[in-house]
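A quick write-up on the structure given underneath.
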Amino acid sequence: MKPSRWRRFLYPDLNRSFALRLVLVVAVAAVVFTQVLIPFRIQGKSMEPTYRDGGFNFCWRGRYLFAEPERGDVVAIRFAGQRIMLLKRIVGLAGDTVEFRNGALFVNDTWVKEPHLRSPSDWNLAPRRVEPGKVYVVGDNRIVPLDRQSMGQVEQARIVGGVLW
Amino acid sequence: MNGKTILVAVAIALVAGVAAWWWWAGDERAIRKQLAVIEEAASKVENEPPVEGLVKATQLAALFGDPCRLTVEAARHEGTYTRKQIQERIVLVRASFAQVAVTLHDTVIERIENKTAAVRGTIRLRGKATGDSIADAQEFKAEMAKIDGKWLFTAVTVIEVLER
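Chains as they are written, first to last, in this note's numbering: chain A, 1 to 165; chain B, 166 to 329.
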């Protein structure tokens, strides 16, 4: 009697074909999860409440293969490599002028509505122009004092990708 | 050429290859060993005995050349410090933490030549200051030189990734 499909899946014959399939699956998984969808754990509260401390997500590297980063995008920014990355929201693009007045974000002297924010903010930051080839990024948690928030303009080349969800 | 000669030639080539690799990897291994000291000596457990803190500060300071150039791009600061000054600064910084874990990530040795090396990586701090949790990550690049058989930092730059 021929074993059922499920039985063959759970208890495969350890033959050459199985070994080949196994090698293929491992190779594809290694490429996908190191180059395409990089899994990461969020450590820190700078993107709360949108992304919680301890949360899990993937960095989708294909996000900007055929598209340019836009204002409002949440992106992963690399340091020396991809083991440690910053998760931030883009608020300004190259050539934009970014400013905070009593917690309100102004881009090119126009108030930007940020529905994803939950916490009140008293940030004040003088206007600054985003240099060519760079984007301006900020965390969503604006309750932390301005001087303790990692924010600013960063080279677009440091953007590894977007978050999957 | 008989089989025996070929075997000897292969063995010689193999030994030469292993020796070359060992010699080259020896420097890389020594540099990585120095980097590991940073993680070990910069980290601090809660209620660390003061003497242990001083020993660790001395260990850390011993990794730096005398003098060493330090650049912090975000603070627009550049200065040259003696080993003693570095040690004093390390003691102060470590004292400001109740507990801290320092780890290095994505460390790449970009170049080793003529007893000098260039290193780049990410340093991460997680700990507690006076009750507050602190988490920070910074990219750094460093120049190292082999002085008296030891790889020492001669220049360290903390790179500004986000320019406010």
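Glycine is no exception: its CB is placed at the ideal position from the N, C-alpha and C atoms.
Every value quoted in this text rests on a predicted model; they were computed, and no experiment measured them.
(message) Quick check on residue 95 of chain A - is its C-beta less than 8 Å from some C-beta in chain B?
(response) Mapped onto the first sequence, residue 95 of chain A falls at position 95. By this cut-off, residue 95 of chain A is not an interface position.
(request) Starting from residue 330 of chain B, find everything on chain A with Cβ-Cβ shorter than 7 Å and list it in chain order. (result) Examination of residue 330 of chain B is not possible in this model, given that chain B is present from 166 through 329 alone.
(message) At the 8 Å Cβ level, is residue 150 of chain A part of the contact set with chain B, yes or no?
(response) Along the first sequence, one-based indexing puts residue 150 of chain A at 150. Interface annotation, residue 150 of chain A: in contact with chain B, CB-CB separation under 8 Å.
(request) Only counting runs of 4 or more residues, tell me where the alpha helix (DSSP H) segments fall wholly within the stretch 216 to 277 of chain B, in order along the chain. (result) Those alpha helix (DSSP H) runs which fall completely within the stretch 216 to 277 of chain B and span 4+ residues are 248 to 260.
(message) Taking the alpha carbon of residue 36 of chain A as the reference point, which residue from A/62, A/75, A/5 and A/47 has its own alpha carbon closest?
(response) To locate residue 36 of chain A, count along the first sequence from 1; it is residue 36. Taking only the C-alpha atoms, the option nearest residue 36 of chain A is A/62.
(request) Would you mind reading off the limits of the alpha helix (DSSP H) that contains residue 21 of chain A? (result) For the purposes of this step, residue 21 of chain A is taken as the residue at position 21 of the first sequence. 16 to 31 is the span of the alpha helix (DSSP H), which, as asked, contains residue 21 of chain A.
(message) Using 8 Å for Cβ pairs, my map puts residue 56 of chain A next to residue 38 of chain A. What's the rounded Cβ distance?
(response) For the purposes of this step, residue 56 of chain A is identified with residue 56 of the first sequence, where counting begins at 1. For the purposes of this step, residue 38 of chain A is identified with residue 38 of the first sequence, where counting begins at 1. Not really, about 12 Å apart at Cβ, beyond 8 Å.
(message) Under 8 Å, Cβ to Cβ, is there at least one residue of chain B near residue 41 of chain A?
(response) As a first step, residue 41 of chain A must be located in the first sequence, where it is residue number 41. Chain B contact via Cβ: absent.
(message) Counting C-beta neighbours from all protein chains within 10 Å, is the total for residue 96 of chain A 16 or more, i.e. buried, or is it exposed?
(response) In the first sequence, counting from the first residue as 1, residue 96 of chain A sits at position 96. With 16 or more other Cβ atoms within 10 Å, it is buried.
(request) Mind listing the chain B neighbours of residue 153 of chain A? Cutoff is C-beta to C-beta under 9 Å, in chain order. (result) Within the first sequence, the letter at position 153 stands for residue 153 of chain A. Here the neighbours are 327, 328 and 329.
(request) Return the residue from the list A/20, A/130 and A/106 that minimises the CA-CA distance to residue 93 of chain A. (result) As a working note, residue 93 of chain A is residue 93 in the first sequence. Of the listed residues, the one whose Cα sits closest to residue 93 of chain A is A/130.
(message) At the level of alpha carbons, what is the spacing between residue 89 of chain A and residue 44 of chain A?
(response) Indexing the first sequence from 1 puts residue 89 of chain A at position 89. Indexing the first sequence from 1 puts residue 44 of chain A at position 44. Cα-Cα distance, rounded: 15 Å.
(message) Looking at the secondary structure, which residues open and close the beta strand (DSSP E) in which residue 142 of chain A lies?
(response) Within the first sequence, residue 142 of chain A is the residue found at index 142, counting from 1. According to the DSSP assignment, residue 142 of chain A belongs to no beta strand (DSSP E), since it is labelled neither H nor E.
(request) Identify the contact partners of residue 304 of chain B in chain A, using a Cβ-Cβ distance below 7 Å as the criterion. (result) Counted from its first residue, the second sequence places residue 304 of chain B at position 139. What residue 304 of chain B touches in chain A: 79 and 80.
(message) Is there a C-beta anywhere in chain B that falls below 8 Å from the one on residue 137 of chain A?
(response) Working through the first sequence from its first residue, we reach residue 137 of chain A at position 137. Chain B contact via Cβ: present.
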